[in-house]
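What follows is a set of notes on a single structure, which appears directly below.
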Amino acid sequence: MPRCFKTLLPATVAVLLVFGFFPAQAAAQAEATAIIGYLLGSDIDPDPGDGISRNFESGLAWGVRGGYSFKDNPMLGLEGSFTQAPLADINVGSTTFANRVTYGDFNMVVQGTNPDRRPYLTIGLGITSFRMGASDGGQTHRKLGANIGIGIKILMWEHTGGGKWGFRFDARNHMHRMDADDSMRSNFKNALELPSNSTSSINNIVTTLGFYFTF
Numbered sequence: 049m050p051r052c053f054k055t056l057l058p059a060t061v062a063v064l065l066v067f068g069f070f071p072a073q074a075a076a077q078a079e080a081t082a083i084i085g086y087l088l089g090s091d092i093d094p095d096p097g098d099g100i101s102r103n104f105e106s107g108l109a110w111g112v113r114g115g116y117s118f119k120d121n122p123m124l125g126l127e128g129s130f131t132q133a134p135l136a137d138i139n140v141g142s143t144t145f146a147n148r149v150t151y152g153d154f155n156m157v158v159q160g161t162n163p164d165r166r167p168y169l170t171i172g173l174g175i176t177s178f179r180m181g182a183s184d185g186g187q188t189h190r191k192l193g194a195n196i197g198i199g200i201k202i203l204m205w206e207h208t209g210g211g212k213w214g215f216r217f218d219a220r221n222h223m224h225r226m227d228a229d230d231s232m233r234s235n236f237k238n239a240l241e242l243p244s245n246s247t248s249s250i251n252n253i254v255t256t257l258g259f260y261f262t263f
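So in this note's numbering, the last one in the sequence shown is 263, and the numbering has no gaps at all.
Here's what the structure looks like:
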């Protein structure tokens, strides 16, 4: 089984366990989304000023989201998500390092009240994980990050589970620090060639299209 699916399948099960088996008496509607999209890489900012360019490459992304929309207050919802970009390599000058980016987030959702057409704004926190390729050291570097996004949920058809399904469009900016201090794994600090104790950040935008289900 490909490495990405070994990671994606347990994450899918975890999200569904948390969000798919909500007590029946609770005033909430469960929802789940399978997503595929594109991560837009960006430069590390600010530039340390040493003449070396540093950036994350763009690449395919996929994942799963699960959450609740509260029936008593339909403008509010909660959501957990797992997103992975397996080919978000890091360029440092003329050198490229293999890298896989994984986002695990928990978000609040503010959305429209029409259950079939719901534009929304989402904001939350999570853990961002960078995994270097084995040939580049194989270390994993994790950082706490924030994200903010917009999108729309569109329900179009009924399904046999008693709910409806349709499509979901989402664009989300993942923001986190890339400080070259003692919190950064040594292989990442060496690979990025960041000046000691320099402070910087990264913004990676993930755009996705998903199959969206309510239950």
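C-beta atoms are modelled at their ideal positions from N, C-alpha and C, and glycine is treated no differently. Since the model is a prediction, treat every value here as computed from it, not as a measurement.
Just measuring C-alpha positions, the residue of G172, D93 and A78 sitting nearest L240 is D93.
Of the residues Q187, I200 and G111, the one whose Cα lies closest to the Cα of V157 is I200. Rounded to whole angstroms, the gap between the alpha carbons of L257 and R113 is 12 Å.
Following the DSSP letters along the chain, one finds F217 inside the beta strand (DSSP E) bounded by residues K212 to R225.
The C-beta distance from G174 to D153 rounds to 3 Å, short enough to meet the 8 Å contact threshold. Membership of S234 in the alpha helix (DSSP H) is indicated by the continuous run S234 to L240. A residue is called buried when at least 16 other Cβ atoms come within 10 angstroms of its Cβ; L242 meets this threshold and is buried.
Close CB contacts of F118 within its chain, under the 7 Å cut and outside five residues either way in sequence, are with A75, A76, L124 and G125 (chain order). Secondary structure at S177: strand, using DSSP grouped into helix, strand and coil. D230 sits exposed, since fewer than 16 C-beta atoms from the chains shown fall within 10 Å of its C-beta.
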